[in-house]
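Visitor: Sharing a structure here in structure tokens format.
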Amino acid sequence: MAGVILLLLSLCVGYIAYYFFRTESMNKESVRGKRVLITGSSTGLGEQIAYEFARMGAHIMITARRLQQLQEVASQCMKLGAASAHYVASDMGNLESAQSVAQEAVVKLGGLDYLVLNHIGGSGGFGFFKGDMDPVVGSTTVNFLSYVQLTSSALSALQESQGSIVVISSMSGRIGAPFTTSYCASKFALEGFYSSLRREFALQNSKMSVTVAVLGYIDTENAVKKVGNKVSMTASSKEDCAREVVKAAVLQQPEIFYPYWGIKPFVLLRDWFPGLVAKILDKCYILENIQ
Ligand SMILES: NC(=O)c1ccc[n+]([C@@H]2O[C@H](COP(=O)([O-])OP(=O)(O)OC[C@H]3O[C@@H](n4cnc5c(N)ncnc54)[C@H](OP(=O)(O)O)[C@@H]3O)[C@@H](O)[C@H]2O)c1
């Protein structure tokens with residue numbers, strides 16, 4: 456009896472070790488010539504994701520509001536090896552613009568294999584909710600509805616290519632975080648919409664995939680400027696983060712947590728020990744710098 460229990464325990468430990476430490480390698484060649492639209496790619500993580508796809512020889516379309524930054528990122532993509540690099544300046548606060556961007560990408564790239572939804576804006580500052588509705592409406596439009604609009608407008612092209620949707624989310628889309636009410640709400644909405652869509656693809660036996668990236672604090676210029684003196688956390692590298700996100704997308708993984716050990720334990724403990732998780736995370740805020 457003791458032998459059987461020992462065997463079962465070893466199998467469990469072996470499975471857990473395999474699950475957490477397995478490394479899948481991606482075939483970079485499989486990305487050569489693929490057609491990729493990346494939103495919010497004039498700077499930050501989106502810019503780095505564009506460079507990752509460029510290095511693997513993809514056709515790239517980038518979009519954000521600032522034209523000059525887009526031109527610079529597109530030219531860097533070409534230097535890194537992109538098969539082609541297009542850009543379009545557009546404001547995702549306007550859903551008609553989001554529709555046009557998706558349509559233009561499909562026309563310019565001749566179809567679409569990867570839709571990377573990454574842009575962020577409209578959610579106001581980092582502080583207490585004082586009843587202002589503008590950031591709630593702004594964030595819902597820019598950070599949720601425009602994602603859905605882009606998906607809707609690109610859906611038939613993605614169906615044709617059996618392509619992939621990549622959604623950049625946050626730990627704030629899994630665990631309510633203070634001082635970012637509007638942002639949190641939009642990220643929770645994304646998680647609901649895209650996890651539901653992923654199930655629909657599976658039930659239709661479609662090869663289309665949805666990868667949701669659940670991210671912690673990343674060292675992009677804007678994030679550090681916004682919260683650098685308000686949180687006592689170390690930001691992770693945007694270059695590493697982009698590499699992991701693209702790898703997860705190419706491997707069609709449903710989720711990726713980055714940095715893994717900084718997020719996954721909290722997400723797992725959230726439902727069983729909500730008080731403990733809140734207490735640990737609350738310690739990360741420098742309250743005297745937050746209004
Ligand atoms: N950095 C972090 O610590 C962190 C943590 C968790 C999750 N994330 C997620 O990672 C993603 C990227 O974050 P990031 O730090 O790289 O952000 P970022 O540096 O602020 O970049 C945001 C991008 O979105 C574009 N953008 C902003 N408003 C827009 C609008 N109305 N219409 C179209 N484009 C707009 C910006 O370009 P323009 O100004 O030129 O329009 C820029 O290219 C976001 O989804 C974010 O939620 C980041």
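So for the sequence shown, our numbering puts the first residue at 456; every next one is plus one.
Just so it is clear, CB atoms sit at the ideal spot from N, CA and C, and this is done for glycine as well.
1) Which residue from 630, 536, 500 and 725 puts its Cα closest to that of residue 519?
2) Buried or exposed: residue 675, going by 16 or more other Cβ atoms within 10 Å of its Cβ?
3) Can you give the beta carbon distance from residue 560 to residue 535, rounded, assuming they're within the 8 Å contact cut?
4) Tell me which residues share the same chain as residue 541 and place their Cβ nearer than 6 Å to its Cβ, disregarding the 5 neighbours each side in the sequence.
5) Give the DSSP-derived three-state secondary structure of residue 516 in the structure shown.
6) Going by DSSP, what residue range makes up the alpha helix (DSSP H) through residue 705?
7) Within the 7 Å Cβ cut-off, does residue 566 reach chain C?
8) I need the straight-line Cα distance from residue 483 to residue 730, nearest angstrom please.
9) For residue 644 versus residue 581, is the C-beta spacing smaller than 7 Å?
10) May I have the straight-line CA-CA distance separating residue 572 from residue 578, to the nearest angstrom?
11) Buried or exposed: where does residue 604 fall if 16 or more other Cβ atoms within 10 Å of its Cβ makes it buried?
12) Is the separation between the beta-carbon of residue 713 and that of residue 696 shorter than 7 Å?
13) Using alpha carbons as the reference points, say which of 719, 529 and 568 lies closest to residue 609.
14) For ligand 1, is there a heavy atom less than 6 Å away from the beta-carbon of residue 597?
15) What would DSSP say about residue 581, mapped onto helix, strand or coil?
16) Along the chain, where does the alpha helix (DSSP H) containing residue 731 start, and where does it finish?
17) Is residue 689 buried or exposed, if buried means 16 or more other CB atoms sit within 10 Å of its CB?
18) What does DSSP give as the partner residues of residue 542 in its beta bridges?
19) Might you give, ordered along the chain, the residues of its own chain that have their beta carbon closer than 8 Å to the beta carbon of residue 677, omitting 5 neighbours on each side?
20) State yes or no: is the C-beta of residue 548 nearer than 6 Å to some heavy atom of ligand 1?
21) For residue 488, which option in 566, 611 and 481 has the closest C-alpha, if you only look at C-alpha atoms?
22) Does residue 479 come out as helix, strand or coil in the three-state DSSP assignment?
23) According to DSSP, is residue 487 part of a helix, a strand, or is it coil?
24) Mapping the DSSP letters down to three states, classify residue 712 as helix, strand or coil.
25) To the nearest angstrom, report how far apart residue 502 and residue 586 are at their CA atoms.
26) For a test of your reading of the model: does the CB of residue 684 fall under 6 Å from any non-hydrogen atom of ligand 1? Yes or no.
Guide: Put simply:
1) By 1-based counting over the sequence shown, the position of residue 519 is 64. Among 630, 536, 500 and 725, the Cα nearest to that of residue 519 is on 500.
2) Here residue 675 refers to the residue found at position 220 of the sequence shown. With 16 or more other Cβ atoms inside 10 Å of its own Cβ, residue 675 counts as buried.
3) As a position in the sequence shown, residue 560 is number 105, starting the count at 1. As a position in the sequence shown, residue 535 is number 80, starting the count at 1. Not really, about 19 Å apart at Cβ, beyond 8 Å.
4) If you number the sequence shown from 1, residue 541 lands on position 86. Within the same chain, residue 541 has close Cβ partners 516 and 563.
5) Counting from 1 along the sequence shown, the entry for residue 516 is found at position 61. Strand, per DSSP.
6) Your numbering for residue 705 matches position 250 in the sequence shown. From DSSP, the alpha helix (DSSP H) with residue 705 extends over 693–705.
7) Here there is only one protein chain, and chain C is not present.
8) Translated into the one-based positions of the sequence shown, residue 483 becomes position 28. Translated into the one-based positions of the sequence shown, residue 730 becomes position 275. Between the alpha carbons of residue 483 and residue 730 lies a distance of about 43 Å.
9) Translated into positions along the sequence shown, residue 644 becomes position 189. Translated into positions along the sequence shown, residue 581 becomes position 126. Their beta carbons are not under 7 Å apart, which means residue 644 does not touch residue 581 by this criterion.
10) Counted from its first residue, the sequence shown places residue 572 at position 117. Counted from its first residue, the sequence shown places residue 578 at position 123. Looking at the two C-alpha atoms, the distance is approximately 16 Å.
11) By one-based count along the sequence shown, residue 604 stands at place 149. It is buried - the Cβ of residue 604 has at least 16 other Cβ atoms within 10 Å.
12) Here residue 713 refers to the residue found at position 258 when the sequence shown is read from its first residue. Here residue 696 refers to the residue found at position 241 when the sequence shown is read from its first residue. It is a contact, given that the beta carbons lie within the stated cut-off.
13) Taking the first residue of the sequence shown as position 1, residue 609 is located at position 154. The shortest C-alpha separation from residue 609 is found at 568.
14) Position 142 of the sequence shown, counting from 1, holds the residue named residue 597. Using a cutoff of 6 Å, the CB of residue 597 counts as near ligand 1, since one of the ligand's heavy atoms is closer than that.
15) For the purposes of this step, residue 581 is taken as the residue at position 126 of the sequence shown. Residue state, collapsed to three classes: coil.
16) Translated into the one-based positions of the sequence shown, residue 731 becomes position 276. 729–737 is the span of the alpha helix (DSSP H), which, as asked, contains residue 731.
17) By 1-based counting over the sequence shown, the position of residue 689 is 234. Exposed, because fewer than 16 other Cβ atoms sit within 10 Å of the Cβ of residue 689.
18) The sequence position of residue 542 within the sequence shown is 87, counting from 1. DSSP lists 517 as partners of residue 542.
19) To locate residue 677, count along the sequence shown from 1; it is residue 222. Excluding five sequence positions before and after residue 677, the CB atoms of its chain that fall closer than 8 Å to its own CB belong to 498 and 499, given in chain order.
20) On the sequence shown, residue 548 is found 93 positions in, with the first residue counted as 1. Taken from the Cβ of residue 548, at least one heavy atom of ligand 1 lies inside 6 Å.
21) Here residue 488 refers to the residue found at position 33 when the sequence shown is read from its first residue. Measuring from the Cα of residue 488, the nearest candidate turns out to be 566.
22) By one-based count along the sequence shown, residue 479 stands at place 24. In the structure shown, residue 479 sits in coil (DSSP, three-state: anything other than H, G, I, E or B).
23) Along the sequence shown, read from residue 1 onward, the residue named residue 487 stands at position 32. In this structure, residue 487 counts as coil in the three-state DSSP scheme.
24) Here the question's residue 712 lines up with position 257 in the sequence shown. Three-state result, residue 712: strand.
25) Taking the sequence shown and counting its residues from 1, one reaches residue 502 at position 47. Taking the sequence shown and counting its residues from 1, one reaches residue 586 at position 131. When rounded, the distance between both Cα atoms is 34 Å.
26) Residue mapping note: residue 684 aligns to position 229 of the sequence shown, counting from 1. No, the beta carbon of residue 684 sits no closer than 6 Å to any heavy atom of ligand 1.
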